[in-house]
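Going left to right, the sequence shown walks through residues -3 to 688 as the numbering used here numbers them. We put the beta carbon where it would ideally sit given N, CA and C, even for glycine. It should be emphasised that the depicted structure is a prediction, and the values quoted were computed from it without experimental measurement. Here the structure is laid out as structure tokens; the discussion comes afterwards.
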Amino acid sequence: MSATPLDLPDFEAEVVTESHVRFLEPRGLGGKAAIITLDNGYDHTKPSSFGPGGLKALWRAIDEVEAEEGVKLIAVTGKPFIFLAGADIKLMPSLETREQGLALAQAGHALYKRLKDSAVPTFAFVNGTALGGGFELALHCHYRTVSTTAVGLGLPEVSIGLIPGWGGSQILPNLIGVEKAAQVIIGNPLNQNRMLKGADLVPLGIADAQFEGADFLEESLDWAVKVATGEITVEREPVDRDAWPAVIAGARKLVDEKVHNASAAAVRALDLLELAQHATFEEGSLAEDEALADLEAGPQFQASIYAFNLVRSLGKRPEGAPSPGLAKDVTKVGVVGAGLMAGQIALMFARRLEVPVVMTDLDEERAQKGLAYVRAEIDKLAAKGRTSKLKAAKLRALVSASSDKSVYADCDLVIEAVFEELGVKQAVFAEVESIVSDEALLVTNTSGLSITAMASQLKRPERLVGMHFFNPVAVMPLVEVIATDSTDDETLATAYAVAKKLKKTAVGSADRPAFIVNRLLGRMLAEVTGAVDAGTPVETADVALDGLGLPMRPFALLELVGLQVAWHLCQHLNEDLGPRFPASENLRRMAEADFPVFDPAAKGKGRLTDEAKAQIALGDSPQSAEEVRERVLRGLTEEIGLMLEEGVVPSAKQIDLAMILGAGFPFWLGGLTPYLDREGISTDVTGKPFAS
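Quick look at the structure:
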């Protein structure tokens, strides 16, 4: 017999989301409308979620509605800006056995089934964030409306080692088709955990109507009355069932290419989507129960809990950051350079800070070319509905370009994004310092050059700080904030405050070569290319890390970064940190090649052309894929140990956070250092686990 919420034990730590019932008598309904509001008693900064107490509260609310006479429609909505953020992941460690996880899965199904099977029409008024189990609650209702201002919508479970376990894997493909459902359930979580917005739901076929945020509930209720009385008939596109096998096959190929089947949750979610073609809802629900119970008890979800909590805690309160009260106001920004990276940075500052941003370059032609790029990107945002026409016009007005650096005179912050050469950057700052006010911040976007060396020729070195953004700037959530010994607290506090306004997670680093992410990625690539130099075939070395499920294989990463940039980084690390970072002759040969190195038909997958393979000189000591994997992991372990000794970061957690957000290390690894601890490599290499 399946469990119901009433069978579940309470969690002491749960912040219970109550379900408040109101009965209204809207004009034209001929009866009562039951409005159930989910509310945990806090504002939108603490989203409502479900543990056993929350499930029980909604169960009791439905009992109350069913006991009321004359109810003609039932609607579920949430507190302001929040519908429901799903199951409370903070409580998951309290599940001590697989049986407890199974009971929780069954209880959710039993509760939501009451809305699905209700003889009275049920509606979800999705007024704000709806994630995981919250999104699935809406799917169980017969009809759905959504606020155009809603953000944070979707089924992110796969990103943390779970599957949509309260009906999502069965209802969604049968509602919108398996191709769209696979994108929402698997594709989006594996793509930086992409969220949906309110405006996305109607085109996808998930919501039946959308209304503006200001009068959303009133409009939704009016619409629901018309549906319940038959004045409005909701028509939905039929699902193409013949395409199901081909879509599933394509999705399996995507998961193999994206994470090399290392994500147990992604593989299990595909199995459930495949099952949804022919299974009854009851059969699918039973399969979801078993899958959710297995995954909750499995190592990948347990590891994900660490990563999830790490991003939530350190992401909000950066370790080592000065008091936010010391931060200075930034009312105008200067960007030195007008190339691709500079253009991305200029657009980001304009969008997030909504202050004037001025770019410069060596001549007017280059400056205007950079400005044209920014304006084209703004046009794309407007065309995709990601910004309004009014906001787009404002952004165009905020960004300007010039060849004359005197435009920086009234800037509060000037950031350089010029060629990665120390002498070039020193010259830029010397010129800019003579123009800006004494209070203005000077910021470098260097990916690894010495900021101390840049500051050495400044009159006021205390106002220079590093803010290393990752490419693509609009997508990558990390910024490394780098202070020198001279950087003062006001400058550093402002850098952290600006990062927060830019909606980036800031991780602090000491001014050491390549900082955090690039130093570790550089060590990884050094070990891989070193294995190739020693005699390992490229095809073997490139797949050695597939078991980790990293977002890119090593040679695809080299292609993305660019061989010249990678060789440049390799040389710098070799000069600064020694033979641990050998200057690979094969990498140099590829970087200097006058022929295509990567196969364009492979579309950015890092596959070398036959001509490139013929130019690679192999030694006489080849290694197996397992040996290369061991070599890379031991190298990373050694490097992390040295970084901690040098004080690059105050704790291993900073490294884990940076690698998750800056290098795409998946949540299910639980962070790089816990993974190395679990594998026993950290103890073997450094003599103790990083968690000690």
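Asked	Found
Counted within 10 angstroms of its Cβ, other Cβ atoms place residue 368 as buried (16 or more) or exposed	exposed
For residue 604 and residue 593, believed in contact at Cβ under 8 Å, the rounded distance	6 Å
Short Cβ contact (9 Å threshold) for residue 654 with residue 687	no
Counterpart residues of residue 139 in DSSP-defined beta bridges	119
Span of the alpha helix (DSSP H) around residue 375	360 to 379
When 552, 302, 188, 568 are compared against residue 596, the one with the closest alpha-carbon	552
Beta-carbon proximity of residue 569 to residue 631, cut-off 9 Å	no
Neighbour-count burial assignment, residue 327, 16 or more Cβ in a 10 Å radius	exposed
Cβ pair residue 324, residue 489 closer than 9 Å	yes
DSSP beta-bridge partners of residue 207	143
Bridge partner(s) assigned by DSSP for residue 31	18, 71
Residue 502 vs residue 510 beta-carbon contact at 9 Å	no
Own chain residues within Cβ distance below 6 Å of residue 513, not counting five before or after	654, 658, 659
Within 9 Å, strictly: CB atoms of residue 206 and residue 197	yes
Residue(s) in a DSSP beta bridge with residue 412	332, 440
Contained beta strand (DSSP E) runs [length at least 3] in the stretch 433 to 506, N- to C-terminal order	437 to 440, 460 to 465, 474 to 479, 501 to 506
Proximity to residue 555 [Cα-Cα], best of 124, 45, 608, 72	608
Proximity to residue 667 [Cα-Cα], best of 123, 297, 523	297
Separation of residue 60 from residue 77, as counted between CA atoms	25 Å
Between the CA atoms of residue 672 and residue 220 - distance to the nearest angstrom	54 Å
Distance, residue 465 Cα to residue 443 Cα	8 Å
Buried or exposed (CB count within 10 angstroms, at least 16 for buried), residue 226	exposed
Coarse secondary structure for residue 403, derived from DSSP in three states	helix
The stretch 423 to 443 contacting the stretch 399 to 410, beta-carbon criterion three pairs below 8 Å	yes
Buried versus exposed call for residue 63 [16 or more other C-beta atoms within 10 Å across all chains shown]	exposed
Within 9 Å, strictly: CB atoms of residue 201 and residue 222	no
Secondary structure of residue 193, DSSP reduced to three states	strand
Contact belief for residue 122 with residue 143 at Cβ below 8 Å, rounded distance in angstroms	7 Å
For residue 356: DSSP bridge partner residues	332, 398
Residues bridged to residue 78 [DSSP beta-bridge criterion]	125
CA nearest to the CA of residue 81, picked from 42, 54, 487	42
Residue 91 (DSSP reduced to helix, strand or coil)	coil
Sequence-distant residues of the same chain with beta carbon closer than 6 Å to residue 12, five excluded per side	49, 50
C-alpha distance - residue 651 paired with residue 10, whole-angstrom precision	30 Å
Residue 457 to residue 302 span [Cα, whole Å]	38 Å
Distance between residue 354 and residue 32 (C-alpha atoms, nearest Å)	50 Å
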